[in-house]
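Numbered per the working numbering, the sequence shown spans residues 12 to 677. Before any comments, here is the structure.
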Amino acid sequence: MEIHGSQYKRRSAFIVAILTLTIVVYIFRLIDWQIVNGKKYFEIANRNNIFTVKTEPLRGEILDSEGEPFAQNIIEYNLVIDRFAINKNEENKIIESLVKTFKENKEDFIDNLPIILDEKSKQYVFMEEKEKEIQKLKGKDMLNLNNYASAKDCIDRICSRFNYYEEKDLSLRRDVASVKYGMLEKGYYQAMNTSYTFARGISNNLLSVICEKYQDVAGVRISLSSKRDLLNSNVIPHAIGFTGKMSKEQYETTFKGKEDYTIEDVVGKSGLEASMENYLKGKRGEKKIEISKEGKLLNAFETVDPEPGKTIFLTINSRLQKVANASLEKYVKMARGSAGDCKAAGVVAIDPRNGAILVLSTYPNYDAKRYLEDKDYYSEISKDKAVPIFSRALNGVFPPGSTFKPLDALAALNEGCVNEKDTVTCHRIYYYPGANFTNKCLGNHGAVPLRSAMARSCNVYFSEIGRRVGIENLNKYCKLFGLGVKTGIELPESVGVIAGPDHSKKIGKIWDKRVTIKAAIGQSDNLFTPLQLATYTATIANGGHRYKSHIVKKITDYKREKIILENNAQIVAETEVLPENIRIVKDAMRAVATSGTAAMFSRYRVPIAAKTGTAQCTGSDHTLFICFAPYENPEIAIAVVIEHGAKGFASKGVAKDILDAYFAGK
Ligand SMILES: [Zn+2]
């Protein structure tokens, strides 16, 4: 048995080797000119017909902080027809044969004709829901038929224009007409050096069939192209984004006239794929192709090498990001126990030493690769009322609730309106002189100084110091700490709203200064993103230097050898809050975690400082939590928002999961 087994293995290895060799030989004849390095043939090239064609660069890749890939390239085999090489009298026959070969092998060729053959009636009919495509087909740039033309009229027009006379096999007639229409649409007939991509992403099986069958057919070749492949596509899809064929509008507004772009190009459509397009694209090269008078490919040589795009390393650590994703899901589902409307959440973690974003997570999340490739999944995600493709972390805006109180304290201390020891007396209700509304406190705290007011989140204390410091100062410190302003991230982010006279004016209202006491405890019009709340927390943690929040760590050349750009700590605002005042606020936030509303962290292995928040809204309250750790030398600042999460355990729980993972093994 043993002997038999090894003999069998040897034989099958031999067969595999033969097969591989055969394919290699065939491919060598058919393969893209890119592989044929023909500089030495340059002299003889002058004797025959020479065409210049553009060559595509590889798109740059996107990786996490450790080099784990998010967006990479994979090589794809395509079948291409070259107008300058194909025998014009044989073109229809060749297309017919290609269509048959693809059908026999059950593989798709590019087919955009909005007409099908109805199997029952044996009639051509227009496809449903393709009005735009049908209009275009009949239009004067294409078939130039009147509006009443039938599907059969369209096919007949294409076939007669291109002298194609198949009448019996109606399905074949339609398919060949579709290819011809594709050629017409792509401008194949507008010049002599054009090519038409007949099929993309051919399987290895079909590749060997094609290599064997068409190796001596001039004008048919296999080309290599790179295709974007999303990996770990459910880890941080909102930030990575995706690529796609540019739309006409995109071409007109952004790319028209730009070197290296044609309307046929694949470009970034969202996320970093779009915002980093300039780095990712690369530069086209040029090739000269030599064709004999009989249409045979003689030589091909690169005259300008294509220059691949740049590689982008993110500040995101996939391991931590995955922990955050799982934790948001876990706690949203748990919160539903008491708040049935809890469906969404966002969390952001930032390194306060430099502004690098460590976590940028949104729930519900989605898988970008499946979204692009699986129609059922696409429609499921598109119909989801919680809108998974919307990034809560970047674009969701939420009232900050009591997580705003440290800002109120910083402003009041720094403007000399209160000191560490001053007390305010709480009897549950705060009256603004002359106002017909009040701020209520959940406790009856008596005379409280800042530290215990923060620990217990006393609304009366923070209303009073807010009134003293005034709305202009609150607005000023918001902007310095990154609330209601852009944080600098290399992605589209919402700017939020700072409650105050400027915003009121914008919406056609007059600010009532008595409402300052609402704004001071995070109510009124205040709305911020989780990213802004994390930036603000990081700015407190590091002593008052606001760094540009960034997700791009560095950009290198494609091979990852040469650094082109590195994002180090970049200060965008010095808050100029006195170190002593920052110390007082940090100390008060420490008290929140040791003896206050986040006392579940009192014995946590790493000392943390924090602030809890609850924001009233239609439906269950939002629950918020901000924190940084270690207290003495902070390395991580976190902001969690659970939409309609109601209870504080959910937002605190997410922060704890991230802290556990971050400090594991440290
Ligand atoms: Zn109170």
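We put the beta carbon where it would ideally sit given N, CA and C, even for glycine.
- Residue pairing by DSSP places Q83 opposite D240 in a beta bridge.
- Rounded to whole angstroms, S234 and K386 show a C-alpha spacing of 28 Å.
- If you ignore the 5 residues before and after I85, its C-beta comes within less than 6 Å of the C-beta of K238, D240, all in its own chain and listed in chain order.
- Excluding sequence positions up to five before and after V110, its CB lies within less than 8 Å of the CB of F120, L183, D186, V187, V190, all in the same chain and listed in chain order.
- Shown here, T66 sits in a strand according to DSSP, grouped into three states.
- Counting the other Cβ atoms within 10 Å of the Cβ of S372 gives 16 or more, which makes it buried.
- Relative to ligand 1, even the nearest heavy atom lies 7 Å or more away from the CB of V429.
- By the CB criterion at 8 Å, Y272 and I323 fall outside the cutoff.
- A Cβ closer than 5 Å to some heavy atom of ligand 1 marks a residue here, and those residues are C437, C452, G454, H456, C469, V471.
- R478 and I528 do touch by the CB rule: their CB atoms are close to 5 Å apart, below 8 Å.
- Proximity of the stretch 589 to 603 to the stretch 397 to 412 falls short of the contact definition, fewer than three beta-carbon pairs being nearer than 8 Å.
- Among the bridge pairs identified by DSSP, I566 is matched with I323, L576.
- In the pairwise beta carbon analysis, the stretch 439 to 453 is classified as not touching the stretch 413 to 425: fewer than three pairs are separated by under 8 Å.
- Apart from the 5 residues on each side of it in sequence, N216 sits with its Cβ closer than 8 Å to the Cβ of N116 in its chain, given in chain order.
- In the three-state reduction of the DSSP assignment, F492 falls in the helix class, which pools H, G and I.
- With 16 or more other Cβ atoms inside 10 Å of its own Cβ, E475 counts as buried.
- In this structure, the CA atom of D668 is about 34 Å from the CA atom of K487.
- Non-local beta-carbon contacts of S390 in its own chain, meaning distances under 7 Å to residues more than five positions away in sequence, are absent.
- Taken through DSSP and simplified to helix, strand or coil, T527 comes out as helix.
- Within a 10 Å sphere around the beta-carbon of Q134 sit fewer than 16 other beta-carbons, which makes this residue exposed.
- Distance from the Cα of G507 is smallest, within the candidate group A549, K114, G493, E501, for G493.
- DSSP places Y374 in the uninterrupted beta strand (DSSP E) bounded by 367 to 374.
- Looking at N553, P512, R601, V228, the one whose alpha-carbon comes closest to that of A584 is N553.
- Note on K354: 16 or more other CB atoms within 10 angstroms of its CB, so buried under the neighbour-count rule.
- Between the beta-carbon of T498 and that of K298 there is about 44 Å, and that puts the pair past the 8 Å contact cut.
- Listed as beta-bridge partners of S234 by DSSP are N89.
- With three or more CB-CB distances shorter than 8 Å, the stretch 338 to 353 counts as touching the stretch 649 to 666.
- Taking V277 as reference, the option from A464, E284, K267, K256 with the minimal CA-CA separation is K256.
- A straight-line Cα-Cα distance of about 13 Å links C222 and G230.
- Bounds of the alpha helix (DSSP H) holding Y388 are 386 to 394.
- By the CB criterion at 8 Å, M194 and F95 fall outside the cutoff.
- Among the bridge pairs identified by DSSP, K622 is matched with I637.
- Here T548 carries a helix assignment [DSSP, helix/strand/coil].
- By the C-beta density criterion, Y442 is exposed, having fewer than 16 other C-beta atoms within 10 angstroms.
- Just so you know, the alpha carbons of F113 and I392 end up roughly 32 Å apart.
- In terms of Cβ geometry, F81 and N328 do not form a close pair [threshold 8 Å].
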